[in-house]
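In my numbering, the protein residues as written are 1431 to 1855.
Using N, Cα and C, we set each Cβ at its ideal position, and we do this for glycine too.
A quick note: this is a predicted structure, and the numbers were derived from the prediction, not measured.
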Amino acid sequence: MELKAAIKYDETFVSSRREPTVVLQNLLQAGIFSKYVMYEQQNEVRIAGNELAKVTVSQDTVSLKGLDKSYSEPASDPFKQVGELLGSLPIENWTAYGYVGFDIVGFYSSYSKAIKQELLYFLIPETELRFTQEGVYVRSARSLDQIRNLLLMDSQLPDYVLTDLKFDFADREIYQDRIKTLITAIQQGELHKAIISRPLKLSGDLDLLGTYVAGSKVNNSARSYCLDFGSVRTVGFSPETLVEVYQDRSVVTNPLAGTRPRGEKQQEDMRLRSELFTDAKEVKEHALSIWLAQSEIDSICLPGTAQVFNFMEVKQYRTVQHLSSRVGGVLKPGNTAWDALKVLFPGITVSGIDKQQALEWIDRLEAEPRGIYAGCIGWIDSSGTVDLAISLRSVYQYDNDIYLNAGAGIVAESVPQMEYMESVN
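Put into C-alpha cells, the structure is as follows:
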C-alpha cells in the first residue's frame, strides 16, 4: 500500500487560558469540525477534529481510509493489524483518537455478539488542540489563523436545560435471576468472577456538548470524554484507565473493584468507606482483580518490573466509592502498546476471572451486544504513548437509539439484590 508524501502539521501555541467546551462549540458552529473527540485527563484536555485518515474494524474487515487512499484486509488479529496500518501512515508525529468497542473481543474469544457499527474506530485528526495549564497547543493541517481566531473568540455556552428521564426498571427480576445462575456456576468452580451488565434503551437525539457540560458539574472522574463519529456518539465520565503507556515504555493499568455507595452525611460516608476493607466479598473481588492484572502485566513486561502500587486506595466519586490499585511494569523490547492492549482488553473489572470463562458467561447471560460500553476510549500516538479509559458511566447513541449501561461484579459471596442496587447506583 503506497501513500502520498509525508504530511506535517503546522503548529502554534496560544498562551491564554481558554475553556475547552467553549472552543469546541466555536469550532462546531463555524463548520470546522464534524467528527471529533474531546478527552480530559490529568491536567490536560484534548480536542481532535475531522479526519486526515481513519482506521476501523468491522465484523470481518480492517480498513484504512484517507490521504486519497482506501485499503482493507480481512480481520484476524485486529489489534496487531490496526497497529501496523497506523504505523504505515505518512503523517509526522500523529495521534489517533477513538474507541475500541467491547465486542471486538470476539476475535480473541468465544464471545459472539457485535453491534452493526464499527467495533474499533480511530481517526487521525486534521486539527488537534491540547489545553494545558500554560495555554493551548495547536496542530493543524489547515489554516492556523482560522483556528486561532476561533480559539480566541469570546462566546458563551447556552443555558442547557436538563430533561428528566424516566426509566423502566422492569428488568430487576430478570437481572437478579441471571446473577443467581452465575453465582451457582461460580460456586461450582467454573469461574471466580464475572461482571454482568444491564442496558437501558431510549429513543431520541443526544445533545453531546450539553450532556458533557451538565455531567461535568456533578461528576468527578479519572477521564471524561465526548465523541461524535456520526452513527456512533458518546459522552462519559470514566473512573478508571485500562492502559497507560509512557515514553519510558512503562505501562500501567488501574483496576477498580469493590464498591460502596456514598453516604449522604460524612459519618455515613466514612462508615461505608470502612466497609470496603471489612467486607470479605469486596476485598476478595479486589484481590482477585489485582492478582490477574499483575499476571497480565507480567506477561508483556521485562522480568522483575511488574509491581502493584497505590494498593487498595479508596477512590470516591459522586455516588459511589471504589477500592483502587495500580499495576505496572516496563514493556519488553519488541512489545508495543497494541500488545499491551491485546493482553489487558477487555478490562478485568468489566469482564471477570478467568477472563475467557467470564466472557462465555457474559455472552450467555446478556441479551444484547455491549458496543462501546466496557470497551475503551482515548488516544495513541506514533511514539507508542497511550491513554485509554474504560468506557463506563457513559451514555451512548447508535443511530437513533440511546443506551445507558451498568453492571456489577459477581463472586460466590454476591447477594443478587445488592448487586442489582449497585448497577442502579
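Taking contact to mean 3 or more Cβ pairs, one atom from each stretch, closer than 8 Å, check whether the region 1513 to 1524 and the region 1534 to 1544 are in contact.
Contact between the region 1513 to 1524 and the region 1534 to 1544 is absent, because fewer than three Cβ pairs lie under 8 Å.
May I have the straight-line CA-CA distance separating A1723 from V1757, to the nearest angstrom?
Numbered from 1 along the sequence shown, position 293 holds the residue referred to as residue 1723. Numbered from 1 along the sequence shown, position 327 holds the residue referred to as residue 1757. So the alpha carbons of these two residues sit roughly 7 Å apart.
Going by Cα to Cα distance, which pick from I1554, L1657, A1478 is closest to L1515?
As a working mapping, residue 1515 is identified with position 85 in the sequence shown. Cα-wise, what sits closest to L1515 is I1554.
Buried versus exposed call for P1763 [16 or more other C-beta atoms within 10 Å across all chains shown]:
Stepping through the sequence shown from its first residue, residue 1763 is reached at position 333. It is exposed - the Cβ of P1763 has fewer than 16 other Cβ atoms within 10 Å.
Does the distance from the C-beta atom of Q1471 to that of D1699 stay below 8 Å?
Looking up residue 1471 in the sequence shown gives position 41. Looking up residue 1699 in the sequence shown gives position 269. No.
Closest to I1810 by C-alpha separation, out of Y1469, S1445, P1450, would be which residue?
Position 380 of the sequence shown, counted from the first residue, corresponds to residue 1810. It is Y1469 whose Cα lies nearest to the Cα of I1810.
Using beta carbons (cut-off 8 Å, strictly below), is Y1551 in contact with chain C?
The structure shown has no chain C; it contains just one protein chain.
In three-state DSSP terms, what is N1765?
Position 335 of the sequence shown, counting from 1, holds the residue named residue 1765. Residue state, collapsed to three classes: coil.
Classification of I1609 by the beta-carbon crowding that lies within 10 angstroms, buried from 16 upward:
The count along the sequence shown starts at 1 and reaches residue 1609 at position 179. Here I1609 is buried. Its C-beta has 16 or more other C-beta atoms within 10 Å.
Express the C-alpha separation of F1561 and V1675 in angstroms, rounding to a whole number.
Position 245 of the sequence shown, counted from the start, is the residue given in the question as residue 1675. Position 131 of the sequence shown, counted from the start, is the residue given in the question as residue 1561. Using only the alpha carbons, I get a separation of about 20 Å.
Quick check on the DSSP output: what are the complete alpha helix (DSSP H) runs of length 4 or more inside the region 1466 to 1546, in order along the chain?
Fully enclosed alpha helix (DSSP H) runs of 4 or longer: 1508 to 1517.
With a Cβ-Cβ cutoff of 8 Å, do S1844 and I1613 count as a contact?
The residue labelled residue 1844 in the question sits at position 414 within the sequence shown. The residue labelled residue 1613 in the question sits at position 183 within the sequence shown. Yes, these two residues count as a Cβ contact at 8 Å.
Who does R1690 pair with in a DSSP beta bridge?
For the purposes of this step, residue 1690 is identified with residue 260 of the sequence shown, where counting begins at 1. Bridge partners of R1690: Q1751.
With a 10 Å radius around its C-beta and 16 neighbouring C-beta atoms as the bar for buried, classify L1582 as buried or exposed.
Taking the sequence shown and counting its residues from 1, one reaches residue 1582 at position 152. Counting the other CB atoms within 10 Å of its CB gives L1582 a total below 16, which places it among the exposed residues.
Reduced DSSP category for T1671 - H, G, I as helix; E, B as strand; rest coil:
As a position in the sequence shown, residue 1671 is number 241, starting the count at 1. Looking at T1671 - three-state DSSP - the assignment turns out to be strand.
So, is P1504 buried or exposed, given that buried needs 16 or more other C-beta atoms within 10 angstroms?
One-based indexing of the sequence shown puts residue 1504 at position 74. When all chains shown are included, P1504 counts as exposed.
Mark D1440 as exposed unless 16 or more other C-beta atoms lie within 10 angstroms of its C-beta, in which case mark it buried.
Locating residue 1440 in the sequence shown gives position 10, counting from the first residue. Per the 10 Å Cβ criterion, exposed.
Please classify K1714: does DSSP put it in a helix, a strand, or coil?
If you number the sequence shown from 1, residue 1714 lands on position 284. It is helical.
Report buried or exposed for K1631, applying the criterion of at least 16 other Cβ atoms within 10 angstroms of its Cβ.
Translated into positions along the sequence shown, residue 1631 becomes position 201. Burial call: exposed.
In chain order, what residues of the same chain lie with their CB nearer than 7 Å to the CB of M1742, ignoring the 5 residues before and after it?
Here residue 1742 refers to the residue found at position 312 when the sequence shown is read from its first residue. Hits under 7 Å: H1716, L1753, S1755.
Residue range of the beta strand (DSSP E) that R1569 falls in?
Reading the sequence shown from its first residue, position 139 is the one you call residue 1569. Unbroken beta strand (DSSP E) run through R1569: 1566 to 1570.
Kindly indicate which residue of N1456, Q1489, P1450, K1484 has the alpha-carbon position closest to the one of G1801.
Here residue 1801 refers to the residue found at position 371 of the sequence shown. Among N1456, Q1489, P1450, K1484, the Cα nearest to that of G1801 belongs to Q1489.
Looking only at its own chain, which residues have a Cβ that is under 8 Å from the Cβ of K1714, when we skip the five neighbours before and after it?
As a position in the sequence shown, residue 1714 is number 284, starting the count at 1. Around K1714: V1841, E1843.
Can you tell me whether DSSP reads M1742 as helix, strand or coil?
By 1-based counting over the sequence shown, the position of residue 1742 is 312. Strand at M1742.
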